[in-house]
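Trainee: Just so we're aligned: the sequence shown equals residues 0 to 115 in numbering that gives the first Met the number 0.
Here it is, the structure, as structure tokens.
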Amino acid sequence: MSWKKFVRRMPACAVLAGGLLAQSAHAVDFNWNVAGPADWNVGTNWDPEGPPSGGGGNHAFVNNGGTAEISSDIGDFQDIFVGVGNVEGVAKVGTLNQSGGSTFQGTGSWMFVGQD
0 MSWKKFVRRM PACAVLAGGL LAQSAHAVDF NWNVAGPADW NVGTNWDPEG PPSGGGGNHA
60 FVNNGGTAEI SSDIGDFQDI FVGVGNVEGV AKVGTLNQSG GSTFQGTGSW MFVGQD
């Protein structure tokens, strides 16, 4: 391939690569799937398998009536929702106990508790 053809194709390759990277960086909702009290940092306690991490745009939901326990630092992600929402008139419930560690590392993160 000549140098001129290579240079002409570079912008198209850059756009294609940028599009592929943007597709792989989508937000993930992590849902607590344990009924009883259990450790937040155990991956199999989440769906999809976690624990929640990955930075902005990713959310953690404890809405199944279970209890998530935080006893050490947790990964960085956007927001935590505990007992939030209402599906067909049934309120979502959940409990979050924190005995140690820190929850949020960055700015712009929120914890929503008991909202519709």
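Positions of the beta carbon are idealized from the N, C-alpha and C atoms, including for glycine.
Since the structure is predicted, the reported quantities are computational estimates derived from the model, not experimental observations.
Beta strand (DSSP E) containing valine 58: first to last residue?
Mentor: Note that residue 58 is histidine in the sequence shown, not valine. Histidine 58 -> beta strand (DSSP E) spans 54 to 61.
Trainee: Which residue marks the beginning of the beta strand (DSSP E) containing glutamine 79, and which one marks its end?
Mentor: Contrary to the premise, residue 79 reads as isoleucine rather than glutamine in this sequence. Note, isoleucine 79: beta strand (DSSP E), 76 to 81.
Trainee: Measuring alpha carbon to alpha carbon, tell me which residue in Gly113, Val41, Glu48, Val33 is nearest valine 81.
Mentor: The shortest Cα separation from valine 81 among Gly113, Val41, Glu48, Val33 belongs to Gly113.
Trainee: Given a threshold of 16 other Cβ atoms within 10 Å of its Cβ, counted over all protein chains shown, does alanine 59 qualify as buried or as exposed?
Mentor: Buried: at least 16 other Cβ atoms inside 10 Å.
Trainee: With a CB to CB cut of under 7 Å and the five nearest residues on each side skipped, what residues in its chain are close to glycine 42?
Mentor: Contacts found: Glu48, Gly49, Pro50.
Trainee: Buried or exposed: asparagine 40, going by 16 or more other Cβ atoms within 10 Å of its Cβ?
Mentor: Label assigned to asparagine 40: buried.
Trainee: Cα separation between glutamate 87 and asparagine 63?
Mentor: Glutamate 87 and asparagine 63: Cα-Cα distance of roughly 15 Å.
Trainee: Is the distance from the Cβ of isoleucine 73 to the Cβ of glycine 100 below 8 Å?
Mentor: Going by C-beta atoms, isoleucine 73 is nearer than 8 Å to glycine 100.
Trainee: In this structure, does DSSP put glycine 113 in helix, strand or coil?
Mentor: In this structure, glycine 113 counts as coil in the three-state DSSP scheme.
Trainee: Quick check on this structure: which residue in Gln97, Thr94, Pro36, Trp45 has the alpha carbon closest to the alpha carbon of aspartate 28?
Mentor: That would be Trp45, whose Cα lies nearest to the Cα of aspartate 28.
Trainee: Check for me: the beta strand (DSSP E) holding aspartate 38 runs from which residue to which?
Mentor: Segment 36 to 38, the beta strand (DSSP E) holding aspartate 38.
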